[in-house]
Amino acid sequence: MQLQDFKIKSKKAVLKTTKLISHRFGFSRVNMSDHDRVVFDLKGYLVKPAVLSQNEIEVIREFTLRQKNNPQSLSPHERYLPGGPFAQLIDHREVMNVLLNVIDPDPEKIRLENVFLSYRQQGEGEWRPHAGGRTTNPNYAYNFHDGRIYAGMVRVVWELNEVLENKGGTCFIPGSHKANYNIRTNPVKSIDARNSGLWESYGCPAGSLIIFSEAVRHSADFWQNSQSPRVAIFCAYNHINVRHHKPDFKPEVIEQLAPKHQRFFREVYHPQFD
Ligand SMILES: O=C(O)CCC(=O)C(=O)O
Numbered sequence: 013m014q015l016q017d018f019k020i021k022s023k024k025a026v027l028k029t030t031k032l033i034s035h036r037f038g039f040s041r042v043n044m045s046d047h048d049r050v051v052f053d054l055k056g057y058l059v060k061p062a063v064l065s066q067n068e069i070e071v072i073r074e075f076t077l078r079q080k081n082n083p084q085s086l087s088p089h090e091r092y093l094p095g096g097p098f099a100q101l102i103d104h105r106e107v108m109n110v111l112l113n114v115i116d117p118d119p120e121k122i123r124l125e126n127v128f129l130s131y132r133q134q135g136e137g138e139w140r141p142h143a144g145g146r147t148t149n150p151n152y153a154y155n156f157h158d159g160r161i162y163a164g165m166v167r168v169v170w171e172l173n174e175v176l177e178n179k180g181g182t183c184f185i186p187g188s189h190k191a192n193y194n195i196r197t198n199p200v201k202s203i204d205a206r207n208s209g210l211w212e213s214y215g216c217p218a219g220s221l222i223i224f225s226e227a228v229r230h231s232a233d234f235w236q237n238s239q240s241p242r243v244a245i246f247c248a249y250n251h252i253n254v255r256h257h258k259p260d261f262k263p264e265v266i267e268q269l270a271p272k273h274q275r276f277f278r279e280v281y282h283p284q285f286d
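Per my numbering, the very first residue in the sequence shown carries number 13; after that it's consecutive.
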């Protein structure tokens, strides 16, 4: 076969697979914009402002705070994340658009392995830089191969209250997921200092989405907004073949999720064995 024919045939096959996936899973736009793809690769993180409507924000925030403060008032399957109205965000289109482009193009191969609420009031938080640099560990790896990104574990953060810039949102050293010097195992104090000038954070309205590769050097920060606490839901998505977290989801929560959401919590194995 001529090289040109081969190229056309492979392009057609990719389009067909993409169509099949979109049709089967209802993702009408499985593609990340070129802008987002380049920014994610360049910096290791993306900020998508105001993804949720006011009503979605209020319902999910109120329910999540009830799970935190008064779980006994809820049915057992709704007492813990990912139960309750948050479940509808598990495969939110904006999340899947990114994950299908940075973890695996097949949604069957994407797992959600950890979900937790980060709740911080004025002054609460910590400064604890971690990750960064290259590694062969699949959970922290970041690879670019054959024209696409292959990220290891990817964090998806739903900010349910406003975040003021440099006042408590997650901080990143942009580009550090591709650093050649191993700042993960050999951290440099002057680089890790909050005021090194190398750290970037974000300001965003409630309902915004932050997505980052676990490979990028990042840290929590101290929350500095006396008007409202940080209410953020952190999710860790991973490839079906690997796991980073110890499994701790409540079975009663997962059993009551819709089948399209349950599949994100399957065991770690290759779907060829199904
Ligand atoms: O709390 C934060 O903003 C960052 C959390 C963190 O470091 C992580 O998800 O690995």
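Positions of the beta carbon are idealized from the N, C-alpha and C atoms, including for glycine.
Item, Value
"Let me confirm a value: phenylalanine 156 is counted as buried when at least 16 other C-beta atoms fall within 10 Å, else exposed. Which label applies?", "exposed"
"Would the region 261-277 and the region 78-93 be scored as touching if the rule is three or more Cβ pairs under 8 Å?", "yes"
"Which two residues bound the contiguous alpha helix (DSSP H) that contains histidine 273?", "271-274"
"For serine 65, is the beta carbon positioned less than 7 Å from some heavy atom of ligand 1?", "no"
"In angstroms with no decimal places, state the Cα-to-Cα distance between serine 40 and proline 117.", "Reliability of the predicted coordinates at serine 40 is poor, the pLDDT of 42 falling under 50, and the value obtained from them is presented with this limitation in mind. Rounded to whole angstroms, serine 40 to proline 117 spans 14 Å at the Cα level."
"Taking the Cβ atom as the reference point for each residue, do valine 71 and valine 168 lie within a distance shorter than 8 Å?", "no"
"Between the Cα of glutamine 284 and those of Ala227, Phe234, Cys216 and Asn253, spot the shortest distance and give me the residue it belongs to.", "Asn253"
"My parser needs the beta strand (DSSP E) runs of 3 or more residues fully inside the region 229-285; what are they?", "242-251"
"Can you name the start and end residues of the beta strand (DSSP E) that glutamate 125 belongs to?", "122-132"
"Which one or two residues does DSSP pair with glycine 137 in a beta bridge?", "Phe234"
"Go ahead and label arginine 132 buried or exposed: buried means 16 or more other beta carbons lie within 10 angstroms of its beta carbon, across all protein chains shown.", "buried"
"Going by C-alpha to C-alpha distance, which of Ala248, Ala227 and Arg255 sits closest to phenylalanine 128?", "Ala248"
"Are the beta-carbon atoms belonging to lysine 60 and leucine 176 less than 8 Å from one another?", "no"
"Classify leucine 172 as buried or exposed, calling it buried when 16 or more other Cβ atoms lie within 10 Å of its own Cβ.", "buried"
"Tell me the DSSP bridge mates of arginine 337?", "Because residue 337 is not part of the residues shown, which for the chain are 13 to 286, the question remains open."
"Ligand 1 and phenylalanine 234: does the residue's C-beta get closer than 7 Å to at least one heavy atom of that ligand?", "no"
"Compute the Euclidean distance between the alpha carbons of leucine 124 and alanine 62, then round it to the nearest angstrom.", "23 Å"
"Helix or strand or just coil, what does DSSP make of valine 71?", "helix"
"Between the Cα of lysine 80 and those of Val243, Asn207, Asp260 and Tyr281, spot the shortest distance and give me the residue it belongs to.", "Val243"
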